[in-house]
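In the numbering used here, the protein residues as written are -15 to 782.
Ideal placement from N, C-alpha and C gives every residue a C-beta, glycine not left out.
All values derive from a computational prediction rather than experimental measurement.
Below: the structure, in structure tokens.
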Amino acid sequence: MSTKITEKTWSSDIEKGILESWERENIYEIENNGVENNNYYVIDTPPPYPSGKPWHIGAAAHYSQIDMIARVARSNGFRVIFPIGIDRNGIPVEIYTEKKYKIRMRNMDRKEFLKLCQQTLDETEKEFIEILKSLGISANFKETFHTDSIEYRTLTQSTFIEMWKNGLIYLGDRPNNYCIDCGTTIADSEIAYIDMETKLVFIKFFLNESKDHIIIATTRPELLFACQAVIVNPEDERYKKIQGKNLDIPIFNRKVKIIQHPYADPNFGTGAVMVCSFGDLNDVQLFRELKLKEIKSINATGKTTEHAKQFSNLSPKQARTKIIEELTNQELVIKIETISHRTPICERSKTPIEIISLEDYYLKQIDFKPKLLEYSKKVKFYPEMHRQILINWINSIAIDWPISRRRFYGTEIPIWYCKKCKFPQVPEAGKYYRPWEEEPPFDKCQNCNNKYEFVGEERIFDTWMDSSITPLHITKFSKNDIFYNNAYPTTIRPQGKDIIRTWLYYTLLRCIYLTGQLPWKNAWIMGYGVDDKGEKMSKSKGNVIDPLPIINKYGADTFRFWSASEANLGYDFRCSEQKIINSQKFLSKLWNIGRFISNFELIDEENKPQKLNTTDKWILAELDDISRKSINGYNELNFFIPSNTIREFTWNIFAAHYIELVKSRLYNEIDNEERKSALFTIHKCFKTILLLLEPICPFITYELWTKVYLNKKIIEEKRFPKTDNEFHEMTLLTNKLIKFNSEIWNKKKETISDTTKKPLSLKDPIKSIIPNELELFSNDLIAMHNIIQDFSNYNTQI
Ligand SMILES: [Zn+2]
Ligand SMILES: [Zn+2]
-15 MSTKITEKTW SSDIEKGILE SWERENIYEI ENNGVENNNY YVIDTPPPYP SGKPWHIGAA
45 AHYSQIDMIA RVARSNGFRV IFPIGIDRNG IPVEIYTEKK YKIRMRNMDR KEFLKLCQQT
105 LDETEKEFIE ILKSLGISAN FKETFHTDSI EYRTLTQSTF IEMWKNGLIY LGDRPNNYCI
165 DCGTTIADSE IAYIDMETKL VFIKFFLNES KDHIIIATTR PELLFACQAV IVNPEDERYK
225 KIQGKNLDIP IFNRKVKIIQ HPYADPNFGT GAVMVCSFGD LNDVQLFREL KLKEIKSINA
285 TGKTTEHAKQ FSNLSPKQAR TKIIEELTNQ ELVIKIETIS HRTPICERSK TPIEIISLED
345 YYLKQIDFKP KLLEYSKKVK FYPEMHRQIL INWINSIAID WPISRRRFYG TEIPIWYCKK
405 CKFPQVPEAG KYYRPWEEEP PFDKCQNCNN KYEFVGEERI FDTWMDSSIT PLHITKFSKN
465 DIFYNNAYPT TIRPQGKDII RTWLYYTLLR CIYLTGQLPW KNAWIMGYGV DDKGEKMSKS
525 KGNVIDPLPI INKYGADTFR FWSASEANLG YDFRCSEQKI INSQKFLSKL WNIGRFISNF
585 ELIDEENKPQ KLNTTDKWIL AELDDISRKS INGYNELNFF IPSNTIREFT WNIFAAHYIE
645 LVKSRLYNEI DNEERKSALF TIHKCFKTIL LLLEPICPFI TYELWTKVYL NKKIIEEKRF
705 PKTDNEFHEM TLLTNKLIKF NSEIWNKKKE TISDTTKKPL SLKDPIKSII PNELELFSND
765 LIAMHNIIQD FSNYNTQI
């Protein structure tokens, strides 16, 4: 007998007790050290970044769905390796720590600053892990890894040393994107574009030693002193005569040539364009092409250089104001227009990007593009449409990846320089090095044999250098060969659409360099969570939804079910509390069904009756249909399909029609074959619903299974049900059956009883005729509706 369920409603409080018991029993831990096993399902889980900001509802939905991937794999019989890591390196924590303690990173002791960052991370990380656990994430929390641990940083450095030895890294002095606020070079992938209002200044330039002038419009007057040419379009009639002549640069008294170049747009400004080092990446291109000599305009601290003369040592903004002032004084400004300008900004600090020449380390990627395009075709994408984002990105890459950053909280670049000849030298792989505070592990220069005189590198790596090797870390690359050989390439990379060009791309690049193989066989890409009007959530719009209060109020399963039933694979999904409430209603319904079923003893396969009743055959046919549909949806990793399929069946067919049809047999006092058939079927349906729903709603399915099926844990039994239906053609009757039942219910509602003067109740008898095609169900239908077969108006030959 099953335990009768007494709790009237499913509540999120029950979830907390379940969580505790799961943790006590370690049900999701997997022994994965050195086990010979080819049956692994390895998830390259995205390590969340605890930057101190509250979590986005979309992120909570994202991790819930990644957990569904893990549970589906278990239901398909795999041994699931589901690690959890925390990404702790990089600029956001530095910025957050500076704000929190009201300090400036560069004005304090480096060690002290690193300690404060670590402290900040420890605090925010705790909250993170709590949220993940309360969502029912079935990951291996006991082995949570951190990208700033000695072990992880050793791997980052070791893999760098290996790439160095393979000639994939070089030091380059070249113009690159630079964020003044972050104080470092950044990669193209870290840049966002926004339309910003900016001033377009129209400046008079005199032709050399002449009273004639032309007008040049520019958005960067502060770079006037770094101008090395003026270009005009070859088709532009206005400038045909003066092509090749010299112009005087106002204020700075230098000559530059007027050069024809198709890049000059006759319709922008006046059609004549200053080429400065460097206004933007097009300038870099023009400097190269026209063989112009670079004038360094802005230094690494974000100030104008000595070339700016009286305007040196100013921020670009200050320099702009002062130079416009001076030009105005000299009556050289014709007009100033405000225009909207597509401006590259730093994704993190939102600062407009400068293009500055600095020495940085680069990892080669340009030469490798054709190979990468080939490899990216071998990954299976869920959904296929998002592969294109990766392909477009690879095609657009124009420069190698700058991997050095002038920041503090990150993995150190393991290099020492000879004091005498400046030769850079890397140590042996396999240890964690901090060159900014440690002596090198070698005593003489490989290049000039100079002894004991080295300077340690102070820079750190771009944080994607750490996170791009998660597949290597979780498969114990270079640590445990047996496990690595079984687990790598990993099975799947689940991640957001927004980090395809960074995390997905860099992982592909790094792991192929290091292993010659793809890091994963599959990539599962989720869309963004947007607000109920379909707009992106942002602080400034005030439409951000914090997931924690919602999870606390409605419970994790409600939240998870909402996430599954709302987000179609790869598409953006709308977040609204009303829809979450609708999910709660479904779970209440399921709980009530469970309570009802817990009243009846279990008849299982072994003691099922020889012959099943027709109504039971019909619902088993329906059950089989929706099982197949749900399992197919699961195997496509599209949880939208099973969630909606299971809800529709459970609520609108199983509960609304089937249970009503078999009640009289279930309550029959004689324990005959007909009753046994109903008992067998009702439990078979309920068990199947629970097994199918488990990946989405692990809490309520666990609780119902445990209660109704004598504490046999769902986790031990859980496999997707086999589908083998012999009664398939009976599903053709479903719509007719639903239609007939609805007609009877409506008729009762509309009929006023002679005795009570009220509409008939559902139990009241009613005169009706069961249609021929539903004849198979007639016994159950008569009992369900209390039908008195009325043939008085029936036109038959009989
Ligand atoms: Zn920045
Ligand atoms: Zn040397």
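Check                                                                                                                                                         : Outcome
DSSP three-state call for Ile197: helix, strand or coil?                                                                                                      : Correcting the residue identity first, residue 197 is His in this sequence and not Ile. Residue state, collapsed to three classes: strand.
Quick one: using the 10 Å Cβ neighbour count with 16 as the cut-off for buried, is Asp738 buried or exposed?                                                  : exposed
Are the beta-carbon atoms belonging to Thr454 and Asp106 less than 9 Å from one another?                                                                      : no
Using 9 Å as the threshold, is the C-beta distance between Phe189 and Leu231 below it?                                                                        : yes
Check whether the Cβ atoms of Asn160 and Ser341 sit closer than 9 Å, and answer yes or no.                                                                    : yes
Using a 10 Å radius around the Cβ and a threshold of 16 neighbouring Cβ atoms, would you call Phe461 buried or exposed?                                       : buried
Go through its chain and collect everything with a Cβ distance to His197's Cβ below 8 Å, but skip five positions before and after it.                         : Lys188, Phe189, Phe190, Leu191
Quick one: what does DSSP say Thr138 is sitting in, helix, strand or coil?                                                                                    : helix
Tell me, please, which residues DSSP counts as bridged to Gly324.                                                                                             : According to the sequence displayed, residue 324 carries Ser and not Gly. Beta-bridge pairing links Ser324 to Glu181.
What's the call for Ile466, buried or exposed, on a 16-neighbour Cβ count within 10 Å?                                                                        : exposed
Rounded to whole angstroms, what's the CA-CA distance from Gly500 to Asp530? Just pull it up for me.                                                          : 42 Å
When you compare the region 665 to 685 with the region 586 to 601, are there three or more beta-carbon pairs, one atom per stretch, that lie closer than 8 Å? : yes
State yes or no: is the C-beta of Ile350 nearer than 8 Å to some heavy atom of ligand 1?                                                                      : no
Which residues does DSSP list as the beta-bridge partners of Gly554?                                                                                          : Note: Gly554 sits in no beta bridge, so no partner.
So for Lys301, helix, strand or coil by DSSP?                                                                                                                 : helix
Figure out for me which residue from Thr140, Arg58, Leu488 has the closest Cα to the Cα of His130.                                                            : Thr140
Could you please give the first and the last residue of the uninterrupted alpha helix (DSSP H) stretch that includes His769?                                  : 762 to 769
Does the distance between the C-beta of Asn60 and the nearest non-hydrogen atom of ligand 2 fall short of 8 Å?                                                : no
In angstroms, rounded to a whole number, what distance separates the CA positions of Arg204 and Gly263?                                                       : 7 Å
Quick check on Lys525: does DSSP put it in helix, strand or coil?                                                                                             : coil
Please state whether DSSP places His457 in a helix, a strand or coil.                                                                                         : helix
On a CA-only basis, which of Gly286, Ser281, Thr285 is nearest Lys293? Give me that one, please.                                                              : Ser281
Tell me the rounded alpha-carbon separation between Asn60 and Ala471.                                                                                         : 18 Å
Nearest to Ile235 by alpha carbon, out of Glu309, Ser524, Phe633?                                                                                             : Glu309
Does the beta-carbon of Gln49 have 16 or more other beta-carbons within 10 angstroms, so that it is buried, or is it exposed?                                 : buried
Counting along the chain, where does the alpha helix (DSSP H) carrying Met449 start and finish?                                                               : 447 to 451
In this structure, does DSSP put Ile564 in helix, strand or coil?                                                                                             : helix
Can you name, in chain order, every residue of its own chain whose Cβ lies under 6 Å from the Cβ of Val528, other than the five neighbours on each side?      : Met521
Tell me which same chain residues have a C-beta within less than 8 Å of the C-beta of Ile771, skipping the five on either side of it?                         : Ile728, Pro749, Ile750, Lys751, Ser752, Ile754, Leu765
Measuring alpha carbon to alpha carbon, tell me which of Gly74, Pro408, Ser549, Arg371 ends up nearest Gly480.                                                : Arg371
Nearest-angstrom Cα distance between Ser611 and Gly42?                                                                                                        : 28 Å
Assuming the contact rule is C-beta atoms closer than 8 Å, Thr254 and Phe186 should be a hit. Round their C-beta distance to whole Å, please.                 : 7 Å
Between Lys225 and ligand 2, is the CB less than 8 Å from at least one heavy atom?                                                                            : no
Three Cβ pairs or more, each shorter than 8 Å: is that satisfied between the region 238 to 247 and the region 200 to 219?                                     : yes
Among the residues of its own chain, which have a CB less than 7 Å from the CB of Met714, if the five just before and after it don't count?                   : Lys601, Trp602, Ala605
Exposed or buried, which one is Lys239 when buried takes at least 16 other CB atoms within 10 Å?                                                              : exposed
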